[in-house]
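Here's the structure we're looking at; comments come further down.
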Amino acid sequence: MNEYLQEVRALTMRWVRRLSREKFSMLFTLVQPMLFWLIFFGNLFQRAADAQVTQAPNYISFLAAGVVVMTVLNNGLAGGVDLLFDKENGFLERLMSTPINRTSVVLSRFLFVTTITCLQVLVILGVAWFFGVEAATGLPGIAVILLISMLFGVGLTAISMALAFSVKSHGDFFSVLGFLSLPMIFLSSALVPLQAMPAWMSVLAKFNPMTWAIDAVRPLILSGWAEALPKVGMVVMIMLVFDAVCLYGSARAFRRAMG
Amino acid sequence: MGRAVAIETVKLRKTYGSLTAIDDLTFQVAAGEVFGLLGPNGAGKSTTLRILITLLRPTSGQAIVLGHDVAKEPDTVRRLIGYVPQERAIDRFLTGREHLLLLADLYHLPKDEARRRIPELLKLVDLEDRADLPAKTYSGGMKRKLDIACGLLPNPKVVFLDEPTLGLDVQSRLRIWDYVRQLKARGITIVMTTNYLEEADQLGDRLAIIDGGRIKAMGSPSELKAGLGGDIVSLTIGAADAGRTDALAAALRALPMVRAVNPKPAGLDIRVESSEKALPAVLEASNRVGCRLELVDYHRPRLDDVFVAHTGHAIRSEFPEAEE
């Protein structure tokens, strides 16, 4: 057990070290979601969005939940990229030739991605607060938002890793990623509530786990516990199933790739 | 041989669907020797290596490393071996020292042992000065040296080197050869793949020539050359008469003292019993066919001749341009 902790810690610190050496890219990953989506999109659509439809005092407060979950989505789906590069340049093979528990590499990635995601979610909530969006459920609500983010993030990271272990080249990886991420966003309640969507889109959006996550995060920010709690309970259950399926698929892909 | 066996494989086979990567590979590596797997790209060398280091499971057959079955006790094998993958198995953002520290944790080396070994290894591969710079500032040769230091960190009894000098300039190549000799001098068993004939000839105590997933010949470089017997007569044909090369080859094959004729760029290599006896007949044949020779050269068999004799084709150009 001690050996396992030593492996996971050493491998996680590697990701942290790498990030600290890529300050430029760190800055951009951090700034991108709040800059483009929250600040520009949120303020741009302020007058175009109908408060009757969004059921929110202003569009930016409606959008905040969407941006939080979008960030989880993007971080999660990109979570396997570094393992993909490790696989391509042989570093993964070097790690696998050492007497480590096979899961420690993957676990280190989950820990790292989840931590970064949580930090980013906090930054987004901070920026939203700066624009006058205060979470109706306070600090406990924010803790629950982080919990939902983690649960959703784990499944997404697992999908990303499964993809990283299965694809032939990183070109394929990024095509699939690009193909997945925008429809996931548009076919969810991130930008527009389901009731305001064309019927066929809202049907598709109902099957999107992102919608469930957003519909739980949104009342935590906008309304309060009474409305949020049943939705939180629902999303936690859905996410546990989602994670189980994703982890199972990811474990299979890993075993196939690593022999 | 009388020496302890470090590695033994029995009828090793690996298939991917209908594709057979290696087939019926049976060989032994004695403790302390440098064993070379020589073959062109795609011959099955890397597949063999990756089975031995437990990264691939054989479809059938058995591989034993230091007394442990690679399929049944992979963790034990991993603890005992060092692995130097093909170039660039390096994290560009980590420094040389951080690579070694990371691996020290993964091999669970005791703290004081790691503290002692890491500077020692950095010194061995001449990376002391650059140890604290990120690896992206390293040249190809320096990355390779770091790779080797990483492979030696667990203090292994057997080291596996995958194409140790692929794409390196001549100077770095000589340096790497030097390290391999030093490791051998310390009693470490070395298994290396290569597609450079000269490398195999210089470093290998014993070689297995692999082509199309099978061992075509095995033995020490001198045994392999002696086993071929006779001499090689090498003809260079002028561009004007290039069209008559096939006719000349046919005429030569008809001669009793000629054992084999193999085409080479701008000429033919002829394997004969004795060059002294064969030369007059060879010259006579080329006159008869009307194929003017630009250069005639003869020598004892070299490793490239051995390779051609056993596989029917040349391995590929001996010195490709360095990548970096």
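If you read the protein sequences in the order shown, they are chains A and B. Just so we're aligned: the first sequence equals residues 395 to 653 in the working numbering. Just so we're aligned: the second sequence equals residues 892 to 1215 in the working numbering. Just so it is clear, CB atoms sit at the ideal spot from N, CA and C, and this is done for glycine as well. Computed from a prediction, not measured in an experiment: that's the story for all the values here.
Buried/exposed call for GLU1212(B), threshold 16 Cβ in 10 Å: Because GLU1212(B) sits at a pLDDT of 42, beneath the cut-off of 50, its placement in the model cannot be relied upon, and the following sentence gives the value as read from the coordinates. With fewer than 16 other beta carbons inside 10 angstroms of its own, GLU1212(B) counts as exposed.
ARG1072(B) vs ALA1131(B) beta-carbon contact at 9 Å: No, the Cβ-Cβ distance between ARG1072(B) and ALA1131(B) is not below 9 Å.
Count the other CB atoms within 10 Å of the CB of SER1165(B); is the residue buried (16 or more) or exposed (fewer)? Label assigned to SER1165(B): exposed.
Runs of alpha helix (DSSP H) lying entirely within the stretch 559-586 of chain A, each at least 4 residues, in chain order: Listed in chain order, they are 564-580.
According to DSSP, is LYS963(B) part of a helix, a strand, or is it coil? In this structure, LYS963(B) counts as coil in the three-state DSSP scheme.
Backbone secondary structure at THR950(B) - three-state DSSP: Secondary structure of THR950(B) (DSSP, three-state): coil.
Going straight from the alpha carbon of MET604(A) to that of VAL597(A), what length do you get? Between MET604(A) and VAL597(A), the alpha-carbon positions lie close to 13 Å from each other.
Determine, using beta-carbon pairs with one atom in the stretch 487-507 of chain A and one in the stretch 943-953 of chain B, whether at least three such pairs fall under 8 Å. With a cut-off of 8 Å, the stretch 943-953 of chain B and the stretch 487-507 of chain A count as touching, because enough Cβ pairs lie within range.
Look up ALA1213(B) in the DSSP assignment and say whether it is helix, strand or coil. Since pLDDT at ALA1213(B) reaches only 40, below the 50 mark, its modelled position is unreliable, and the value read off the structure follows with that caveat. When DSSP states are grouped into helix, strand and coil, ALA1213(B) belongs to the coil group.
Any idea what DSSP makes of PHE435(A), helix, strand or coil? The answer is helix: DSSP assigns PHE435(A) an H, G or I state.
Unbroken alpha helix (DSSP H) run spanning PHE926(B), endpoints: In this chain, PHE926(B) is not harboured by any alpha helix (DSSP H); it is covered by the beta strand (DSSP E) spanning 925-929.
I'd like to know whether the C-beta of SER563(A) is nearer than 9 Å to at least one C-beta of chain B. No, its Cβ sits nowhere closer than 9 Å to a Cβ of chain B.
I want to verify the contact list: residues of chain B whose CB lies under 7 Å from the CB of GLN400(A), in sequence order. In chain order, ASP996, HIS999 make up the part of chain B whose C-beta sits under 7 Å from the C-beta of GLN400(A).
Does any residue of chain A have a CB that is nearer than 9 Å to the CB of MET892(B)? For MET892(B), the predicted model reports a pLDDT of 47, less than 50, meaning its position is unreliable and no value from the coordinates is stated.
Coil, strand or helix - MET1109(B) by DSSP: Note: MET1109(B) maps to strand in three-state DSSP.
Taking the alpha carbon of THR950(B) as the reference point, which residue from LEU916(B), GLY923(B), ARG983(B), GLN977(B) has its own alpha carbon closest? A check of alpha carbon separations from THR950(B) across LEU916(B), GLY923(B), ARG983(B), GLN977(B) identifies LEU916(B) as the nearest.
State the DSSP-derived secondary structure class of PHE636(A), mapped to helix, strand or coil. Note: PHE636(A) maps to helix in three-state DSSP.
Under 7 Å Cβ-Cβ, which residues of chain B neighbour MET490(A)? LEU946, listed in chain order.
Grab me the residues of LEU994(B)'s own chain with a C-beta within less than 6 Å of its C-beta, minus the 5 sequence neighbours each way, in chain order. Only residues of its own chain outside the window of five on either side were considered, and among them CYS1041, LEU1044 have a CB closer than 6 Å to the CB of LEU994(B), listed in chain order.
C-beta neighbour in chain B for ILE510(A), strict 9 Å: So, not an interface residue.
Since ASP1017(B) contacts LYS1002(B) with CB under 8 Å, what's their CB separation in whole angstroms? Wrong, their Cβ atoms sit about 25 Å apart, outside the cutoff.
Quick one: is GLN514(A) buried, meaning 16 or more other Cβ sit within 10 Å of its Cβ, or exposed? Classification of GLN514(A): buried, given that the 10 Å Cβ count is 16 or more.
Taking only the alpha-carbon atoms, compute the straight-line gap between PRO1195(B) and LEU940(B) and give it to the nearest angstrom. In the sequence as displayed, the identity of residue 1195(B) is Asp instead of Pro. Between ASP1195(B) and LEU940(B), the C-alpha separation is close to 23 Å.
Secondary structure of LYS1048(B), DSSP reduced to three states: Collapsing the DSSP output to three states places LYS1048(B) in coil.
Between ASP480(A) and the rest of its own chain, which residues show a CB-CB distance below 8 Å, the 5 nearest in sequence each way excluded? The beta carbon of ASP480(A) is closer than 8 Å to those of LEU486, LEU489 in its chain, skipping five residues each way along the sequence.
Please state whether DSSP places TYR642(A) in a helix, a strand or coil. Residue state, collapsed to three classes: helix.
Between the C-alpha atoms of ALA912(B) and GLY930(B), what's the straight-line distance to the nearest angstrom? Linking ALA912(B) to GLY930(B) through their CA atoms gives a straight-line distance of about 13 Å.
Coarse secondary structure for THR450(A), derived from DSSP in three states: The displayed chain sequence assigns Ala, not Thr, to residue 450(A). Coil at ALA450(A), not helix or strand.
Restricting to Cα atoms, I'd like to know which of GLY973(B), ALA934(B), VAL1187(B) is closest to THR1127(B). THR1127(B) has its Cα closest to that of VAL1187(B), out of GLY973(B), ALA934(B), VAL1187(B).
Please classify PHE434(A) as buried or exposed, where buried requires at least 16 other C-beta atoms within 10 Å of its C-beta. Within 10 angstroms of the beta-carbon of PHE434(A) lie fewer than 16 other beta-carbons, which makes it exposed.
Report the rounded CA-to-CA distance for ASN495(A) versus ALA1151(B), giving the unit in angstroms. One C-alpha to the other measures close to 54 Å.
Looking only at DSSP bridge pairs, what is PHE918(B) linked to? Paired residue(s): THR900(B).
Here's the rule I'm using: 16 or more other beta-carbon atoms within 10 Å means buried, otherwise exposed. How should GLY1078(B) be labelled? It counts as exposed.
Run through DSSP, which three-state label would VAL1016(B) get? Assigned with DSSP and collapsed to three states, VAL1016(B) falls in coil, not helix or strand.
In the structure shown, what three-state DSSP assignment does PRO1156(B) receive? Three-state result, PRO1156(B): coil.
Same chain, Cβ closer than 6 Å to GLY1104(B), five either side skipped, listed in chain order: Correct list, in chain order: THR911, ALA912, ILE913, ASP914, GLY935.
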